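Reading through the structure tokens given below for one structure.
Numbering (mature numbering (1 follows the signal peptide of the UniProt record, and there is no 0)), first residue to last: -25 to -1, 1 to 509.
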């Protein structure tokens, strides 16, 4: 597939120069009044016109939440599949060696290059475009554009703070080297930005119900404001639940805002288009199919196979050798990649498949947990849980949802290595699918999170974050732990260490960030929101 270069791709070089040369703006979280003023006074023409001053930067931000673009598969592999992809249990590595060697993230050995790249790429390709967009949108008086960009920024940067913990955020753009915020402060900034963005976008939508914002540059919703509002409101609920073990009062208050908002929740998947306007090789296809570096993880196999899940064939291809879906045990030291290639399952994805940002099913499971945890909303936890499964089956064009929902017998399967090169393992969970109203809180929570895990595939980072927050679904532990004791094998990896590039270029601030972290700068230290007792 030859990728087509559209107007955006032709200007990326100049954008980088413009961003690098810009005069740094003031703090991002204290200027709501500026971009909120007259939020619905801008003309429809101003909001939808091919305005390169904001639109091109907005597109660049969208392309770098989940990395898509020309020759981006390698970056996506390091930043997504070799982090959250491994640590969520969705995928396992089968490549014998990379340029960093044969021991790496899969074994809790964190190479400098691989811990540097997610951090540096996101600040270059998402935060810098946001800063320039905000400057231009503020100058043009198009506050709704800034609000839209802030939703994208929060979605993208929530993935980064959930990798590292403290990050430069509220001070970004005020100096060349800036200090880090604690993760608690980052999350509080997220909530404020989402509150403000939802307020601005809702008022704009009420005043301009048929208007679209940056329609020619928005590859997710085509500028549809109502869809962006639903995404923002759902994202607020996602992040509220994330902090429930660290600050329950904050979590509950933010979740209640989402339930109170009349816009509701995202129930149709948010998908980054892959079409004639912006075409790209799907990075999952590049890593799984074209390169053959990664395969189905043993953990997700255990659940899909044990439940006889009809979505299994939608998610993964049958193994070429003998058929069936077969995963790979995590953390193996691979010395014979050829022994795994045909014996295990690659992801079922095509080169031109679009990238999904958020499943429509996720909001049902989020609401089910909020009902379970705080008795929030009018629908029952059971109905939301079951509707989440139905929505996921519908999204994947899989039949048999009702029989699946009613199954009270099937449990996750033991793992049997199909390559005869790895290792077998007994199932680590006995959770069933069918809702049991008499079950205790933890059993109900495990049921909700396990089915959410299966529904949001392949949102690697989100699944890893939820595993760390809740301990669910239960995952196999790595075969080889090369962390020299810094990561507990049973607790599994909790974060990435700070980039070495920050120690070289921003030493005082990153050292202060280690203090904010509250532990050693290694993969075993828990994040601020990672407070659930194990």
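Ideal placement from N, C-alpha and C gives every residue a C-beta, glycine not left out. On a predicted model such as this, the values are computed, not experimentally measured, just so you know.
For residue 219 and residue 348, which I take to be in contact (beta-carbon distance under 8 Å), what is that distance rounded to the nearest angstrom?
7 Å
Three-way DSSP call (helix, strand, coil) for residue 506 in this model
coil
Does residue 416 pass the burial test, meaning 16 or more other C-beta atoms within 10 Å, or should it be called exposed?
exposed
Start-to-end residues for the beta strand (DSSP E) that takes in residue 186:
First-last for residue 186: undefined, no H or E at that position.
Which residue from 494, 309, 108 puts its Cα closest to that of residue 455?
309
Which same chain residues end up closer than 6 Å to residue 275 when comparing Cβ atoms and leaving out the 5 residues on each side of it in sequence?
64, 65
Decide if residue 217 is buried, meaning its Cβ has at least 16 other Cβ atoms within 10 Å, or exposed.
buried
Answer yes or no: do residue 411 and residue 402 have a C-beta to C-beta separation smaller than 8 Å?
no
Closest by C-alpha distance to residue 376, when choosing among 386, 360, 387, 391
360
Can you give me the start and stop residues for the beta strand (DSSP E) that residue 270 sits inside?
269 to 271
The beta strand (DSSP E) enclosing residue 79, as first and last residue numbers
Taken as a continuous stretch (DSSP letters only), residue 79 belongs to no beta strand (DSSP E), as it is neither H nor E.
Between the beta-carbon of residue 424 and the beta-carbon of residue 437, is there less than 8 Å?
no
Cβ separation of residue 69 and residue 312, assumed to be a contact under 8 Å, to the nearest whole Å
5 Å
Helix, strand or coil at residue 303 according to DSSP, with G and I counted as helix:
strand
Three-way DSSP call (helix, strand, coil) for residue 250 in this model
coil
Take the Cβ of residue 97 as the centre, count every other Cβ of all protein chains shown within 10 Å, and call the residue buried at 16 or more, exposed below.
buried
First and last residue of the beta strand (DSSP E) that includes residue 578?
Outside the modelled stretch of the chain, which goes from -25 to 509, sits residue 578, for which no answer is possible.
Suppose you measure from the CA of residue 277 to the CA of residue 299; what does that come to, to the nearest Å?
13 Å
For residue 142, which three-state DSSP category applies?
strand
Cβ pair count under 8 Å reaching 3, the stretch 174 to 191 against the stretch 120 to 127
yes
Once you ignore the five residues that flank residue 289 on each side, which residues in its own chain have a CB closer than 8 Å to its CB?
323, 371, 372, 373
Short of 7 Å in beta carbon distance, which residues of its chain neighbour residue 90, apart from the five on each side in sequence? Order them along the chain.
471, 472, 474
From 305, 249, 171, 244, residue whose alpha carbon lies closest to that of residue 339
244
Is the Cβ-Cβ distance between residue 396 and residue 314 less than 8 Å?
yes
With a cut-off of 8 Å, do at least 3 Cβ pairs link the stretch 234 to 243 to the stretch 32 to 42?
no
For residue 76, does the count of other Cβ atoms within 10 angstroms reach 16, so buried, or fall short, so exposed?
exposed
Answer yes or no: do residue 408 and residue 385 have a C-beta to C-beta separation smaller than 8 Å?
yes
Measuring only the C-alpha atoms, how far is residue 270 from residue 480?
36 Å
Pair within 8 Å by beta-carbon distance, residue 166 and residue 229:
yes
From residue 21 to residue 447, what does the alpha carbon distance come to, in whole angstroms?
Here the model assigns residue 21 a pLDDT of 47, short of 50, so the residue's position is not dependable, and the following value carries that caveat. Their Cα atoms are separated by approximately 46 Å.
Cβ-based neighbour list, residue 493, same chain, cut-off 6 Å, excluding 5 preceding and 5 following:
none
Grab the span of the alpha helix (DSSP H) containing residue 203 for me, first residue to last.
200 to 217
Which of helix, strand or coil does DSSP assign to residue 495?
coil
According to DSSP, is residue 87 helix, strand or coil?
helix
Specify the secondary structure class of residue 510 as computed by DSSP and reduced to three states.
Nothing can be reported for residue 510: it is not among the residues displayed for the chain, which extend from -25 to 509.
For residue 61 and residue 510, the rounded distance between their alpha carbons:
The question about residue 510 has no answer, for the chain in this structure spans -25 to 509.
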